[in-house]
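Here's the structure, in structure tokens; my notes come after.
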Amino acid sequence: MAVTEAGSGPGTRRRLRPSGYVWILPALVLCVGLIYYCIAYTAVISTWDWDGIDPFPEHVGGENYARIAQDPIFWKTIQHTVVFFVVTFVAQTALGVVFAVLLHSRVRLAVVYKVIIFIPVVLAPAITAPVFRRLYAPDGQLNWLLEHVGLGSLAQPWLGQESTALPVIMAITVWQWTGLTFVLYFAAMSQIDQSVLEAARMDGAGNLRILASIIWPGVRGTTVALGILSAIGALKTFDVPYLVAVGGPNYATEFLGTYIYRKTIAQSHVGYGAALSVILLVLALAFAILMQVRGREKQGVS
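With full-length UniProt numbering applied, the sequence shown corresponds to residues 1 to 302, in that order.
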């Protein structure tokens with residue numbers, strides 16, 4: 001609220017008038033009235049044993065959370081999420097930095113390369129999923145290629161066995177999101193003072209030295225932001241594992257998102273699914289806060 005004066009002279013009264021708060025009121029109502037209400041309602045549902053239809057759900061308190069703590073599939077989804085986050089984040093970061101550095105140099109047709117790298121980001125998983133299912137099928141193009149180049153012994157049902165299903169999902173995710181990582185790193189590198197790079201070259205620093213000592217520290221903020229997005233994205237992963245492998249085989253590609261869908265929609269355990277959703281929210285917030293704090297600590301040290 002802004003303090004404004006009404007009238008003039010010695011008898012002027014100071015009163016409070018609304019200022020910019022009127023303009024943020026619609027967004028405030030949307031956040032508080034819809035988003036936060038839904039979160040609170042989900043937390044309430046998580047204390048019920050409910051199928052989503054019965055008008056008289058049974059209140060079970062924290063029983064759903066106790067069941068989750070003893071659920072081996074839940075812990076398997078956590079393990080998949082951690083592995084998925086580490087592998088995809090490292091791979092996307094490495095590829096994004098390499099592509100950004102290469103396209104910051106003087107290469108021909110740089111615009112064409114940028115478009116090619118970014119195209120997977122704008123493709124809907126529902127469109128690409130059938131392609132990847134066919135590509136990694138036992139009689140798909142990947143096994144056909146391996147057989148025709150003399151590596152037929154490596155051909156296998158990539159999505160039909162636990163040992164390769166999750167790596168396939170991670171490979172698809174890296175292919176899909178490396179373009180976004182590249183664009184953000186490319187923009188961050190554009191903000192680095194060119195005179196610093198030129199001075200380093202005049203001092204005899206090579207490309208690897210410049211990359212490690214100047215460029216990489218200069219894009220640290222972008223790396224932290226991408227780490228937070230990747231962590232939250234790993235927790236929310238649903239479309240690629242579900243559309244390509246349906247969480248299988250034997251829960252080998254099950255994530256929290258697919259498990260919540262399986263419990264809530266397919267099996268009608270709405271209360272259990274709500275408890276899983278609350279845990280997902282808590283984990284996402286914890287990841288974001290942890291990585292933000294670590295990022296600030298590193299910036300303070302540097």
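Think of the CB as a built atom: it goes at the ideal place given N, C-alpha and C, for glycine as much as any other residue.
Remember, predicted model here, so these are calculated numbers, not experimental data.
Between the region 178-197 and the region 154-167 there are fewer than three inter-stretch CB-CB distances shorter than 8 Å, so the stretches are not counted as touching. In this structure, Y272 lies away from R108, with their beta-carbon atoms at least 8 Å apart. Residue burial annotation: F132 is buried, with at least 16 other C-beta atoms found within 10 angstroms of its C-beta. With fewer than three CB-CB distances shorter than 8 Å, the region 189-203 does not count as touching the region 121-136.
With respect to L235, L280 sits close: the two C-beta atoms are nearer than 8 Å. Here the C-alpha atom of I265 lies approximately 16 Å from the C-alpha atom of L243. For the pair V168 and V97, the Cα-to-Cα distance works out to about 23 Å. At least 8 Å separates the beta-carbon of T223 from that of Q92. A contact between stretches requires three or more CB pairs, one per stretch, nearer than 8 Å, and the region 204-224 fails this requirement with the region 247-266. Scanning V174, F89, V278 for the CA closest to the CA of I117 turns up V174. In this structure, S105 keeps its C-beta atom at 8 Å or more from the C-beta atom of A274.
In the three-state scheme derived from DSSP, where H, G and I count as helix and E and B as strand, E58 is classed as strand.
A distance below 7 Å between beta-carbons, with the five flanking residues on each side excluded, links A110 to the following residues of its chain, in chain order: L103.
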